[in-house]
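K.L.:
Protein chains in written order, with our numbering: chain A, 45 to 480; chain B, -3 to 190.
We put the CB at the ideal spot given by N, CA and C, even for glycine.
For reference, the structure I am asking about is given below.
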Amino acid sequence: MAKGKKYNYNSFARYIRYFRDLLTKKEQHALEKEMMQDVFEEEAFEGMSSVSADELEEDVLELHKSINQKTGKKKNRIIPVLRYAAAVVLIFAVGSITILIKKSNEFKNQVKEETAMRDSSGGIPTPVSKTGDSAKVKTTRSILKEKQDVIVVQTRKEQEIVAPVSSELIAKSDLKEAEAPETTQVIPVEYDMIALKKQIETEQQIEVSALSYSEDTEQNNLTIRGQVISGSEDLPLPGVNVRIKGTTKGVVTDLDGNFSIEIPADQQSTLAFDFLGYKSEEIEISDNKNLTVNLTEDIIALEEVVVVGYGTMKKSDLTGAVATIESEDLESREEFAQIVVPKPADGMMNYKEYIKENIRYENIPEFDKAQVVKLEFEVTASGDITHIRAVKSAGTDFEQEAIRLLKDGPAWEPGTIDGTPSTQTVTLRIKFSPPE
Amino acid sequence: MDFFQKNRNTTKESDEELIRRYLATKDLELLGILYQRYIYLVYGVCLKYFKDREESKDAVMQIFEKLITEIEKHAVENFRPWLYVMTKHHCLRQLQKKTSASKKIKQFYDEKIMESTIELSPLDETPEKDMNKALAECIEKLKKEQKACIVLFYFKENCYREISLKLELPVNKVKSYIQNGKRNLKICLENKNG
């Protein structure tokens, strides 16, 4: 087409012959190889393979007609152009067979025979190949199948014999035919309608079997049964997820750990077994239809578990901030708030000493047995002593004397909560011993 | 029989000459003749994508309509590949438009994308029988079926049907094994070179 560049594209005629299985193995291979070198042809081939050769031929013819109708300007032109296109396409399409016949006379008889045969429709055909010694005419013949009422016979003479049927149409087709490289010249092929039909039928069978194959792949399933047991205890595990890897198809084991799952028969499948607290297991299915699966226990690392407000999830699954508390921190946190109670500024021992030495016995009545007054009071954050009251009293005098001792006594240090001074209530027990 | 004369002239013309003449005369018939040279390929590609005969036939006619407008806009130098790209784009766009498009496109990509070979594989470029060492090694590495199909097709020159009989595989599987094998070989050879 483009100058200087040689294209070796396949023609539609060649494809039709290919799909009708009318090419030799070698020719088939050549077409396949060439087809794969051109994307356009490769994709088209794929599409064309999806319909039968008859359908393909019919459709392409129809399209030629439609385009001609669309583009033809004058009415008187449409019809011949259409006819021409149809003829060319069909001649190519049906495929050509070369036969050897003796003479042009015989050839004419041949046509009659053929027509008769076709009329009787179903009569067993006779092979039409005859070899003779006189001039051989190589005849390329195509039958217009579409309407079943036209037979176009083309003849190509080898040397000098004039073709019995001659028109420009045929000459034209013949010329085209000659361009096709794969026309067999040496091997005469016996040909008749029945044989052609058979060829078409076999082709259709091939297509059908190809089709049913693809259906098989969807429907032919293999049932796999088995039991899942715990590796450490040898007990059946119920509720284990059994899934075909790479799919969403899966089942769950029953109470006895048994399961049954259907897998596609034609492809290698892997079953995945998942159960919480156990290590996941994957098993490639070969031939064993009965499986025993051992799951081993898996201890989840505590550090990886994150406590969130609404449950637990894996750290890797969690979005948002994570505050980490190490397990050692948790152990040391027995007291949650560190509370320090108020105490006398120079210690409890010295305070007791102060009380002992500063009791004014003149303020209290005489006694011979030790008396105890228990005072409750608040030490404010600034160290002041307020809200003093007696919880236990040995009498008003003792009580007053105890309060006086507290108020006049050494200063108190305020208590703290987590280091911060705060007002706290203190109970102090003051013991009055009889003077020595 | 005037029309034969005309057609005979047009069949000798190259695609590009036809385009030039069409653009000069706007004679739609010329464009029709050009389109009909490849109409079966366009139809085949449509069949591949639509998987429906009627739909594909409609698409072939739509693509012709498109051709009428597009050919004016572009200076088409190489018609055949240009037509292929236009055809493919039309098909893909139609698929996208349809409501079930996503499904079909997905199906298409799942099934077919692996098979398309845009570039020539090393095997197509160098079909000679003495394969070099790297290629031989790469072929050895292929999966069993791919290897068998590649060897039979390229080195024993068997056709699909022969391979299909020998290996007891469906014809369409043979084709996809060859194509996937070719792709794997290409990757393998590229890795060796790079």
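#1: May I have the straight-line CA-CA distance separating E73/B from E328/A, to the nearest angstrom?
#2: When burial is assigned at 16 or more other CB atoms within 10 Å of the CB, is D103/A buried or exposed?
#3: Would you say K47/B lies against chain A (beta-carbon separation less than 9 Å)?
#4: Out of R404/A, E410/A, I399/A and S437/A, which has the shortest C-alpha to C-alpha gap to V417/A?
#5: Specify the secondary structure class of N334/A as computed by DSSP and reduced to three states.
#6: When the cut-off is 9 Å and only beta carbons count, does T115/A lie next to chain B?
#7: Under 9 Å, Cβ to Cβ, is there at least one residue of chain B near E221/A?
#8: Flag this pair as touching only if the stretch 60 to 75 of chain A and the stretch 152 to 166 of chain B have three or more C-beta atom pairs under 8 Å; answer yes or no.
#9: For S477/A and Y405/A, what's the separation of their Cα atoms in angstroms?
#10: Drop a sphere of 10 angstroms on the beta-carbon of S324/A, count the other beta-carbons inside from all chains shown, and report buried for 16 or more, exposed for fewer.
#11: Nearest chain A C-beta to C145/B closer than 9 Å, yes or no?
#12: Taking all protein chains shown into account, decide if S276/A is buried (16 or more other Cβ within 10 angstroms of its Cβ) or exposed.
#13: Under a CB-based cut-off of 9 Å, is E85/A close to chain B?
#14: Please list the segments of the alpha helix (DSSP H) lying wholly inside the stretch 3 to 77 of chain B, counting only runs of 4 or more residues, in order along the chain.
#15: Taking F63/A as the query, report the chain B residues whose CB atoms sit under 8 Å from its CB, ordered along the chain.
#16: Please report the residue range of the alpha helix (DSSP H) in which T292/A lies.
#17: Mind checking Q92/B: buried by the 16 CB within 10 Å criterion, or exposed?
#18: Can you find at least 3 beta carbon pairs, one from the stretch 78 to 91 of chain B and one from the stretch 93 to 110 of chain A, that sit closer than 8 Å?
#19: Taking only beta-carbon atoms, is Y34/B less than 9 Å away from chain A?
#20: Quick one: does N180/B have its CB under 9 Å from some CB of chain A?
#21: Which term fits D452/A, buried or exposed, when burial requires 16 or more other beta carbons within 10 angstroms of its beta carbon?
#22: I need the DSSP call for I408/A, collapsed to helix, strand or coil.
#23: To the nearest angstrom, how far is the alpha carbon of V295/A from that of Y45/B?
#24: Run down chain B in chain order and give the residues with a C-beta less than 9 Å from the C-beta of I288/A.
#25: Pop quiz: G459/A and V423/A are said to be a contact at Cβ under 8 Å. What is the actual Cβ separation, rounded to whole angstroms?
#26: For V196/A, which three-state DSSP category applies?
#27: Please classify E102/A: does DSSP put it in a helix, a strand, or coil?
#28: How close, in whole Å, do the beta carbons of P465/A and A425/A come, if the pair is a contact with beta carbons under 8 Å?
#29: What would DSSP say about S324/A, mapped onto helix, strand or coil?
#30: Check this for me: beta carbons of E66/B and T115/A, under 9 Å apart or not?
#31: Could you tell me whether the Cβ of E76/A comes closer than 9 Å to any Cβ of chain B?
#32: Decide yes or no for the touch test of the stretch 83 to 90 of chain A against the stretch 30 to 43 of chain B: beta carbon pairs closer than 8 Å, at least 3 of them.
#33: Within 8 Å, do at least three Cβ pairs link the stretch 469 to 476 of chain A to the stretch 75 to 82 of chain A?
#34: Return the first residue and the last residue of the beta strand (DSSP E) that S271/A is part of.
#35: Return helix, strand or coil for S112/B, following the three-state DSSP convention.
#36: Return the first residue and the last residue of the beta strand (DSSP E) that E306/A is part of.
P.N.:
On the basis of the data shown:
#1: 55 Å
#2: buried
#3: yes
#4: S437/A
#5: strand
#6: yes
#7: Bear in mind that the predicted position of E221/A carries a pLDDT of just 43, short of 50, making it unreliable; the figure below should be weighed with that in mind. So no, E221/A is outside the interface.
#8: yes
#9: 10 Å
#10: exposed
#11: no
#12: exposed
#13: yes
#14: 11 to 21, 24 to 46 and 49 to 69
#15: Within 8 Å Cβ-Cβ: nothing; F63/A doesn't reach chain B, min ~11 Å.
#16: Premise fails: T292/A is in no alpha helix (DSSP H) and is neither H nor E.
#17: exposed
#18: no
#19: yes
#20: no
#21: exposed
#22: coil
#23: 36 Å
#24: Result: empty, since nearest Cβ-Cβ is about 17 Å, beyond 9 Å.
#25: 6 Å
#26: Since pLDDT at V196/A reaches only 40, below the 50 mark, its modelled position is unreliable, and the value read off the structure follows with that caveat. In this structure, V196/A counts as strand in the three-state DSSP scheme.
#27: helix
#28: 4 Å
#29: coil
#30: no
#31: yes
#32: yes
#33: no
#34: Going by the sequence as given, residue 271/A is Gln instead of Ser. Start and end: N265 to S274.
#35: Any reading at S112/B needs caution, since the residue's pLDDT is 46, under 50, leaving its predicted position unreliable; the model's value is listed next. Looking at S112/B - three-state DSSP - the assignment turns out to be coil, as it is neither helix nor strand.
#36: N302 to P308
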